[in-house]
Structure formats: C-alpha cells, structure tokens
Amino acid sequence: MILPEIRISGISEESVVDGPGYRFVIFTQGCPHNCPGCHNPQTHPREGGSVIGGSYLLEQIRRNPLLRGVTFSGGEPFMQAAALVPLAKQIRSLRKDIVTYTGYTWEKLLSGADAENSWMELLNETGYLIDGPFIEELKSLEIPFRGSANQRIIDVKASLLSGVPAALERFPACC
Ligand code: SF4
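Quick look at the structure:
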C-alpha cells in the first residue's frame, strides 16, 4: 500500500520525551499559530522542510519492536490531517498508540472539524491529544510532556464518548 506524502521538519526515531514509552516522532512542517516564544520557528512555513513518503515512515516504525507508539508533533499536525490519517491507521494496526500534539484547543478542533479537513478522522486515530498553544507566561518545566500549563493531556476516546474533554494528570501506563 502506498501512503500519502507528508511534509515534515524532521523525525526522531526513539524519543522518551514526546509521550509515554519509546516513541517514533514525526515533526510535521507548517504551523499557523505563531505562539510567542515558540522553540521551533523553523517549522512554521508551509513550504519549508521536506516531503517524505508515509510508506517510508511506516517501514521505519515497523522495524523497531521497542516502540510503544508514534507521536505526531509540529508544526501543526492537523494542517496535514488527511495525509496523516492513513499512516495512523497502519500504525494502529501494528498495535502501537498515537499521541498528537496540536496548537488548537480540543474545543476548536471539534467546532472546526468538517468534511474537508479530516480533523475528526485524525482525532479518531489519536489515543492522547496534547492540546493548546504554547503560552510563554504559563511556561513550566514541571509539567511532563507539555510546554505550558494551559496544555492538556486529553484522552480522546473518553472525551468523544462523554462529550467533554477528559484531561489527565499523566499518561496511563498503557493505552
Ligand atoms: S503550535 Fe507549536 S510549533 Fe506552532 S507556534 Fe505554537 S509552539 Fe510553535
């Protein structure tokens, strides 16, 4: 199966700082949020970075049995939701979980999801969503896996079932 191409700013093949366990991280290219104090301004231009095949990424992920899951980070992954969804489905078929970082809030994603942007489809493939922009005044080094105190770890399945965002203090041991 040939998966769609994704514009990325980089990858990390084995990270322990982008979600629970060993994770393959895909840093997508392009971000509309312009958070003051962003540490990754090089990820903002839509046309920057490089284009890589989703099938190539899947093969790299498949080769590492130590991985618990894959993290979509940015940039803003929801800008490329349609391209990420087929890859996410294949990753989940390998019994690995998906963590997605976004500068959008949970509420914004739900209200802005439509038939064209595939936001809901990407949410449906995501186990845990780290939501919200980076807010410099709320920056904290004390909060694992997040840059500022407004950002939440949201259990996506529980939130969609209950209709309210289920924010967690930390990731559960297993998804
Ligand atoms: S959402 Fe992330 S990448 Fe985009 S501007 Fe904010 S901190 Fe930077």
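Just so you know, we're using my numbering here: the sequence shown kicks off at 2 and counts up by one. Using N, Cα and C, we set each Cβ at its ideal position, and we do this for glycine too.
- When secondary structure is reduced to three states using DSSP, residue 108 falls in the helix class.
- When Cβ pairs closer than 8 angstroms are counted between the two stretches, the segment 22-41 is seen to touch the segment 64-73, the count reaching three or more.
- Rounded to the nearest angstrom, the Cβ distance from residue 106 to residue 79 is 11 angstroms, too far for a contact under 8 angstroms.
- With contact defined as three or more Cβ pairs closer than 8 angstroms, the segment 52-63 and the segment 84-94 are in contact.
- Distances between the C-beta of residue 77 and the heavy atoms of the ligand SF4 include at least one below 7 angstroms.
- Counting along the chain, residue 7 sits inside the beta strand (DSSP E) bounded by residues 6-16.
- When DSSP states are grouped into helix, strand and coil, residue 97 belongs to the coil group.
- Secondary structure at residue 20: coil, using DSSP grouped into helix, strand and coil.
- Comparing alpha carbon positions, the residue from 51, 35, 32 closest to residue 12 is 51.
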